[in-house]
Structure formats: C-alpha cells, structure tokens
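Right, one structure below, let's go through it.
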Amino acid sequence: MNRLSRLFVRRLRQRAARDTRRHALANGLLTVTSIDVQGHLVRRYTPAFDTGPLTFDRTADLGWLTRTFGSLLQETVKPEADGTTTVVAQPITRLSGVASSATSVPAHASLDLPEAVPDRCAYATKLVGLAAPPVHIAHLATALLVARAIASSGLTLQRVVEIIRRPAPIIVLMSQVDGAQDAFLRLIEMTGLVPSGPYAGVTGDRFPERDVDGFTDVALRRRFVFFQGKETGRESRAMKRGLAAVLGRDDPILAIAHHVADIPDQIPAAADLHLDAGAVDRAFLVDLLQAVYGDGDGMVRDGHDLKAFDASVLTLDDLVLALRSGRPRDEALVALHQLAACRVQGERGEDTRENRDRFPTEPATKQGALTEGRKGSSLSSKGKPSGAEVIQPQPLPGDRADGSKPPVTVETLSGYGAARTWALDLRHDLGDYRTGDLSWDEMSTKLLLSGPPGTGKTSFARALCNSLQVPLVVTSVSTWLQGGHLNDVIDRMNSTFAEARDHAPSILFIDEIDGIGKRVDPNREYSEYWNAVVNKMLELLDGAVRCDGVIVIGATNRPEQIDEAIRRSGRLETHIEIPKPDIPALAGIIAHHLGRDIDVVLQTADPSKRQWIDTAVGDALEEEMFGTPADVDQEGARP
1 MNRLSRLFVR
11 RLRQRAARDT
21 RRHALANGLL
31 TVTSIDVQGH
41 LVRRYTPAFD
51 TGPLTFDRTA
61 DLGWLTRTFG
71 SLLQETVKPE
81 ADGTTTVVAQ
91 PITRLSGVAS
101 SATSVPAHAS
111 LDLPEAVPDR
121 CAYATKLVGL
131 AAPPVHIAHL
141 ATALLVARAI
151 ASSGLTLQRV
161 VEIIRRPAPI
171 IVLMSQVDGA
181 QDAFLRLIEM
191 TGLVPSGPYA
201 GVTGDRFPER
211 DVDGFTDVAL
221 RRRFVFFQGK
231 ETGRESRAMK
241 RGLAAVLGRD
251 DPILAIAHHV
261 ADIPDQIPAA
271 ADLHLDAGAV
281 DRAFLVDLLQ
291 AVYGDGDGMV
301 RDGHDLKAFD
311 ASVLTLDDLV
321 LALRSGRPRD
331 EALVALHQLA
341 ACRVQGERGE
351 DTRENRDRFP
361 TEPATKQGAL
371 TEGRKGSSLS
381 SKGKPSGAEV
391 IQPQPLPGDR
401 ADGSKPPVTV
411 ETLSGYGAAR
421 TWALDLRHDL
431 GDYRTGDLSW
441 DEMSTKLLLS
451 GPPGTGKTSF
461 ARALCNSLQV
471 PLVVTSVSTW
481 LQGGHLNDVI
491 DRMNSTFAEA
501 RDHAPSILFI
511 DEIDGIGKRV
521 DPNREYSEYW
531 NAVVNKMLEL
541 LDGAVRCDGV
551 IVIGATNRPE
561 QIDEAIRRSG
571 RLETHIEIPK
581 PDIPALAGII
591 AHHLGRDIDV
601 VLQTADPSKR
611 QWIDTAVGDA
621 LEEEMFGTPA
631 DVDQEGARP
C-alpha cells in the first residue's frame, strides 16, 4: 500500500476504536474527565471495571475483556413500542479492588508488556480501544478506491481537502466497480473519513421541486446533494427540472457513476474535482489483502496468487463475501477465484446447484421472526418456487357485457392523495411506453407506500392492477423468509423478480418490506445473514438486474426501519405516505362501496333522519376544514 492508503486504513481503525470507547462510556464501562493540555481540552478515559484480572498479556487480556464485557463495547439499542430503536446505557457498578500502578507484572507477560506502561488504568483503557471490531471490508475497499483515485489525479491530499472544505464544491467520482456507488455514500456518511463532516446526502436524481430545507433529518449534518449511476444520464423533463434546482443552490454536489457519460454534462463541466477509482485489479487486491491480513509472510507481494483469474469482474459484494471476518487468507483467495469465475460465466446473483455450497447456511432466525406468508405458490421461469400469488386484472366496465359491478380502480379510490396522482401519471406513461414514445427508465416505476395498518396499501395495488390492466404479482418478505436458510431466501427473491419479468408489463407488490431491515454491524448476531438479504434486495432493485416492464411497489407500516440505500435513487426512491382517511375521504369510500344502494337508503329514510344526516355531514365537513361551528362562534364573541 502507498502512504495515502495506509493513512486511510489507519483513520478507519482509529474511528472504530473511538466509537468502541464511546460505546463503553455510554454503557458504564468507562468514565471520562476533560483535562487541559496546552490549551486544548482532551478527554481522559478511566476504566470503571476491576482491572485486577489483567495480566499485561495483550492477547489474553483482549480475550478476557471481550468475553466479560463484550455487550458493553457496542452500541446498545432498545426497541420502542412504535417500532423505533433508541440507544440505552447499561451502567455497571464499579468493582472494588482496583489494582494500583505498583502491581507486579507476571514474568511470563514481560514480552507482551510495552516498554513503558504508565499505570494499569491506562493499559486497560487502551485495551478497550483495541477491542474494537474490525473495519468492515466494504469500508476498507471503498477507502482504498478513494486513495487510488486521489493518487491517480495528480493532486496532493492537502489540495483535495482544501477543495472539499469549500462552501459548495462540485466533485465527480467514477469507479467501474459494481456496488461502489452506494459504498462511497456510506463511507462519507458513516465513517467520518471525509473532513468537514458529519455528512448527510440528499438525492438530486429526482430532486423535489420543493425546497430541500424540508429534509429535517439532515439538519445536524453537512448536507450534500448526490447524483448516482445511470439514472443521472436520462433526459426526462423531471430530471432537467431537478438538475436546475440543484445547480441553483449552494450545497456541495457529488456525482458518482461508472463513466463520465452517465453524468449530466453541466456537472463535469463545472466540477472542482475529478476522481476516477477505476476497476478492481491485482494491485488493488494486493492492497486490500494487506489491509485485512497485514504484512505477514503470507502477504501477496507481487500478485502471484491473483494471476489465475480476471479480477476486474469482481464486485464490491464479491469482495465482502470473500474476505469475511475470520476467514483465512488462503480460503479468501479461493473464494475470490470462484466468485470471479461465476461472474465470467454470467451467474450474476443466481444460486445454482453447482455453487450453492458457497453460500453460508445460517440459522433460520430467532423464534418469532418468521410469519406466515400469503397462500398460493408459483414458479418462476426457472422452475424455482417463489411463493408469490399472481392476480390477473378484472375487466374494466367497458369490457363487461353482463352489467356486473365494476372493479375497483385507482380512479374510483378516495383518500389516497399523492399515491392516486402517482398512479394516474403512471397510467399515462405506460400508454406512451407501449407505443414506443417513452422508455422504461424515463418513468417513475418504483414506489415505497407507507401508512398505518388498514389504510389500504394492498387495496391500492389491486386497484392499480385493474387500472393498468396488467398482472399483479403479490409477495411479502415473510414469504421469502419461510425458506429459513440464506440460499433458499435468495432463491425466492430471485424467483419472484424473475416471475414478475415473465409477466411484464406487470406490478410486483412486496408487502411488509420493512422485514428486509437494515444492514447491521458485522459483529452482531446473524449479521452476515441479514446483510446478505439487504444486499440482494439492493441488487434486484437497481440496474444490475434488468427490471424493464416491472412496476415495483413496497408496502410498510414502518418506513424508518428500511435501509436507506433501498430508498435511494433508482430503487424505491418515491416514498408516499397514505394517511388515515379524513371526513371527505370516508364519505367517498362509503359512497363507493354502497354504490347505487345509497339512493335506496336515502329514499327509504325518514324525512327527519334525512335532514339529520345532511346536517351531520355538513357539520363534519365544516369541522374538517374550519373547526367546529361552536369554536367559530366563541372566537367571534371574544372582545
């Protein structure tokens, strides 16, 4: 590794150690005081646990510390009734008998003892930092890509930092590594590696016409607007409006893509910084292996072990899979070779019988994590069961000769607001798509639909099926998880999307999509299982798997529980919340379901009751819009 790569790797490890110390502080394992060192306030940590068992054998002491206090070294979350999680502290009682600095050191530990250990407390505090989990492979790989891009630009690190610290820099970052685009954003937002942070990205790809100051979740961070992937290259009117809105602001702009041609021309022309990280090659893998395994005798110094396969086809997910925590170097090299062979053979994301044993078989989940899926099962074009239900659209009124009750359509729905508008726009765009006047990537075809239980998210999908007159493929995350083992879950996910493509144009409705969850710390229980499921969902939603002709709708009661990358541009980027129906919406719903029967009800009602109904409806509408009549009178009577 060059000096810049070493610096980035060291910074990531220092950040991990700092976070671990802060988790230990929050959970009561450490205490802290602020001291003045030459005019600078510095934190001084002190252990709140009994340091007596420490032997000054670093390996043994680290093992004891993680076994005894492992849960206190990581962020602790507590689920709330509303589905959110909050960090909670787990204070511990300080144990008596803390050894002083004069405590003798066992003779057998002399080789592991640093040249100068000021006191036992300082050694114990340092151990807490050393107990930090290893830096995630995705962060390591992405940081090395950034280091390579800076080195190849010919600029010094100081110059790059000066550009980043400008009030509104425009930066173009390119890489041919699949999966790197999201990884760059996570590196910026999560690791603190980039100066002048912390940061929060706001997608500019389908930039809202409203002011972005409405994004309250980024208020405490430095906001930047990012454009990502091939979606930035389309020439739709919405894209042009969004781009104009972004360029007219003073926010930092980051454009990430495989090639400069995928980025709107205005951005490269005005960019302050151009960086190109390239693709994975043998030199990059040598650096990554060195970052993971160190400079031992087994280090690949000249890439000799990497010449047997084409490294350029590897994706970021491949690197994460091959270099999983705890995997020996030789096994990692074999996994890299096999994953590269799969890519060359065109087996992108497909688990065949030949490579099934390469995927980890994890425990299903904890008791209660799985729920019953929808009834009905179907097969994809490859014959694998997806567990989905295919619903054909009902004929529209003009197609019915028997005079039966017309089907529910989007046009007849009440109380859906922005979701109804989105659906009607989609119906118009689908007509243009069928005539060849509009390409699929110019349409808004991916939607995250949220709202309290019972607000009609599934009914909306069925109504859209009838309005568009296309098949509806219905599934849920719980249906996917019924397989239990990771390879079975991945199979069902692949098969569901393949089935939707077979019926294209079609609608794929994924219920309970919050069950996908978020990617978690690799040291947490079942993290590899759940992170693999989330990554597969990202792959199926983005451009790596062709979804032309498939409208994807994810439904959830808890949108905050979904990984942010799933909601980014090119995936479920449009998020619409269905509120509980108000009085006008309820009136429309009742009128729709009663149909012509409402006339019979009114005609047979007692005249006094009919007048009471009219008055009640009028009062309700007045209250909905202006407040109760009594409130108005009272306000008018005030002096």
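Using the numbering used here, the first residue of the sequence shown is number 1, and each one after it goes up by one.
C-beta: ideal position from N, C-alpha, C; glycine also.
Computed from a prediction, not measured in an experiment: that's the story for all the values here.
Q. Going by the beta-carbon positions, is the gap between V489 and I516 smaller than 8 Å?
A. Position 489 of the sequence shown holds residue 489. Position 516 of the sequence shown holds residue 516. Note that the C-beta distance between V489 and I516 is not below 8 Å.
Q) Is it true that the stretch 424-432 meets the stretch 466-474, where meeting means three or more beta-carbon pairs spaced less than 8 Å apart? A) yes
Q. Beta strand (DSSP E) containing Y416: first to last residue?
A. Position 416 of the sequence shown, counted from the start, is the residue given in the question as residue 416. Careful: Y416 lies outside any beta strand (DSSP E) and carries neither H nor E.
**Q.** Stretch pair the stretch 171-181 + the stretch 305-325: three plus CB contacts closer than 8 Å
**A.** yes
Q. Does the distance from the CB of R21 to the CB of L30 come in under 8 Å?
A. The count along the sequence shown starts at 1 and reaches residue 21 at position 21. The count along the sequence shown starts at 1 and reaches residue 30 at position 30. Closer than 8 Å, so yes.
Q.
Using a Cβ-based criterion (distance less than 7 Å to any ligand heavy atom), does T496 qualify as near the ligand HEM?
A. The ligand HEM is not part of the structure shown, which contains no ligands of any sort.
**Q.** Separation of A16 from R166, as counted between CA atoms
**A.** On the sequence shown, position 166 is the one that residue 166 refers to. On the sequence shown, position 16 is the one that residue 16 refers to. Approximately 27 Å, taken between the alpha carbons.
Q: Return yes when the Cβ of R159 is within less than 8 Å of the Cβ of P198, no when it is not.
A: Mapped onto the sequence shown, residue 198 falls at position 198. Mapped onto the sequence shown, residue 159 falls at position 159. No.
Q: With DSSP as the reference, label L438 as helix, strand or coil.
A: For the purposes of this step, residue 438 is taken as the residue at position 438 of the sequence shown. Coil.
Q. Does the distance from the CB of I576 to the CB of W422 come in under 8 Å?
A. Residue mapping note: residue 576 aligns to position 576 of the sequence shown, counting from 1. Residue mapping note: residue 422 aligns to position 422 of the sequence shown, counting from 1. Against a cut-off of 8 Å, the Cβ pair of W422 and I576 comes out as a contact.
Q. Is the beta carbon of I263 less than 8 Å from the beta carbon of F227?
A. Sequence index remark: in the sequence shown, residue 263 carries index 263 (1-based). Sequence index remark: in the sequence shown, residue 227 carries index 227 (1-based). The answer is yes: Cβ separation under 8 Å.
Q: Sort out for me which residues DSSP pairs V390 with in a bridge.
A: Against the sequence shown, residue 390 aligns to sequence position 390. V473.
Q.
I need the DSSP call for S175, collapsed to helix, strand or coil.
A. For this step, residue 175 is matched to residue 175 along the sequence shown. Residue state, collapsed to three classes: coil.
Q. Which whole-angstrom value describes the C-beta separation of K446 and T604, a residue pair presumed to lie in contact below a C-beta threshold of 8 Å?
A. Locating residue 446 in the sequence shown gives position 446, counting from the first residue. Locating residue 604 in the sequence shown gives position 604, counting from the first residue. Wrong, their Cβ atoms sit about 48 Å apart, outside the cutoff.
Q) E411: buried (16+ other C-beta within 10 angstroms of its C-beta) or exposed? A) The residue you call residue 411 lines up with position 411 of the sequence shown. Within a 10 Å sphere around the beta-carbon of E411 sit fewer than 16 other beta-carbons, which makes this residue exposed.
Q: Would you decide whether K580 is buried or exposed? Buried here means 16 or more other CB atoms lie within 10 Å of its CB.
A: As a first step, residue 580 must be located in the sequence shown, where it is residue number 580. Its Cβ having fewer than 16 others within 10 Å, K580 is exposed.
(Q) For D502 and I391, I'd like the C-alpha separation in whole angstroms. (A) Taking the sequence shown and counting its residues from 1, the one referred to as residue 502 is at position 502. Taking the sequence shown and counting its residues from 1, the one referred to as residue 391 is at position 391. Looking at the two C-alpha atoms, the distance is approximately 14 Å.
(Q) With distance defined between alpha-carbon atoms, name the residue in A532, D548, I578 and N531 nearest to A554. (A) Sequence index remark: in the sequence shown, residue 554 carries index 554 (1-based). As written in the sequence, residue 554 is Gly, which differs from the Ala given in the question. Relative to G554, the option among A532, D548, I578 and N531 whose CA is nearest is I578.
Q) The beta strand (DSSP E) spanning A255 covers which residue range? A) The sequence position of residue 255 within the sequence shown is 255, counting from 1. A255 -> beta strand (DSSP E) spans I253 to A257.
Q) Excluding five sequence neighbours on each side, which residues of the same chain lie with their C-beta closer than 6 Å to the C-beta of G294? A) Here residue 294 refers to the residue found at position 294 of the sequence shown. Closer than 6 Å at the Cβ level, and outside the excluded window around G294, lies no residue.
Q: Go to Q228, then tell me how far its beta strand (DSSP E) extends in each direction, as first and last residue.
A: Looking up residue 228 in the sequence shown gives position 228. Here the beta strand (DSSP E) through Q228 covers R222 to Q228.
Q. Can you tell which of V202, R327, L323 and F309 has its C-alpha closest to the C-alpha of Q345?
A. Within the sequence shown, the letter at position 345 stands for residue 345. Per the Cα distances, F309.
Q) Helix, strand or coil: how does DSSP classify T66 here? A) For the purposes of this step, residue 66 is identified with residue 66 of the sequence shown, where counting begins at 1. Reduced to three states, the DSSP call for T66 is helix.
Q | Identity of the residue in P522, G278, D119 and F56 nearest T142 by Cα | A | Position 142 of the sequence shown, counting from 1, holds the residue named residue 142. Comparing Cα positions, the closest option is G278.
Q) Would a C-beta distance cut-off of 8 Å place L130 and L288 closer than the cut-off? A) Here residue 130 is taken as the residue at index 130 of the sequence shown, counted from 1. Here residue 288 is taken as the residue at index 288 of the sequence shown, counted from 1. Cβ atoms of L130 and L288: not closer than 8 Å.
Q: Excluding the 5 residues preceding and the 5 following S5 in the sequence, name in chain order all residues of the same chain whose CB lies nearer than 7 Å to its CB.
A: The residue you call residue 5 lines up with position 5 of the sequence shown. Excluding positions up to five away in sequence, the list reads L144, A147 and D287.
**Q.** Host alpha helix (DSSP H) of P268 (start-end)
**A.** Taking the sequence shown and counting its residues from 1, one reaches residue 268 at position 268. Taken as a continuous stretch (DSSP letters only), the alpha helix (DSSP H) holding P268 covers Q266 to A270.
Q. Any idea what DSSP makes of P133, helix, strand or coil?
A. Along the sequence shown, read from residue 1 onward, the residue named residue 133 stands at position 133. The DSSP-derived three-state label of P133 is coil.
Q: Taking P53 and W64 to be in contact with their CB atoms under 8 Å, please state how far apart those CB atoms are, rounded to whole angstroms.
A: In the sequence shown, counting from the first residue as 1, residue 53 sits at position 53. In the sequence shown, counting from the first residue as 1, residue 64 sits at position 64. Yes, they are in contact, since the Cβ atoms of P53 and W64 sit about 6 Å apart, within 8 Å.
Q.
Check for me: the alpha helix (DSSP H) holding H503 runs from which residue to which?
A. Residue 503 sits at position 503 when you count from the first residue of the sequence shown. Careful: H503 lies outside any alpha helix (DSSP H) and carries neither H nor E.
Q. Going along the chain, which residues of its own chain have a beta-carbon closer than 7 Å to the beta-carbon of T191, five neighbours each way excluded?
A. Taking the first residue of the sequence shown as 1, we reach residue 191 at position 191. Taken in chain order, the residues that qualify are L12, R15 and H139.
Q: Classify L7 as helix, strand or coil using the three-state DSSP reduction.
A: The residue given as residue 7 occupies position 7 in the sequence shown. Under the three-state reduction of DSSP, L7 is assigned to helix.
Q. Since R343 is in the beta strand (DSSP E), which residue starts that stretch and which ends it?
A. Looking up residue 343 in the sequence shown gives position 343. Counting along the chain, R343 falls outside any beta strand (DSSP E), though it belongs to the alpha helix (DSSP H) covering R329 to V344.
Q) Should A322 and A332 be called a contact, given that it needs their Cβ atoms to be closer than 8 Å? A) Looking up residue 322 in the sequence shown gives position 322. Looking up residue 332 in the sequence shown gives position 332. Going by C-beta atoms, A322 is nearer than 8 Å to A332.
(Q) Please report the straight-line C-alpha distance between V161 and P195, rounded to a whole angstrom. (A) Along the sequence shown, one-based indexing puts residue 161 at 161. Along the sequence shown, one-based indexing puts residue 195 at 195. About 7 Å.
Q: Run the CB neighbour count on I267, radius 10 Å, all protein chains shown included, and call it buried at 16 or more, exposed below.
A: Counting from one through the sequence shown, the residue named residue 267 turns up at place 267. Its Cβ being crowded by 16 or more others within 10 Å, I267 is buried.
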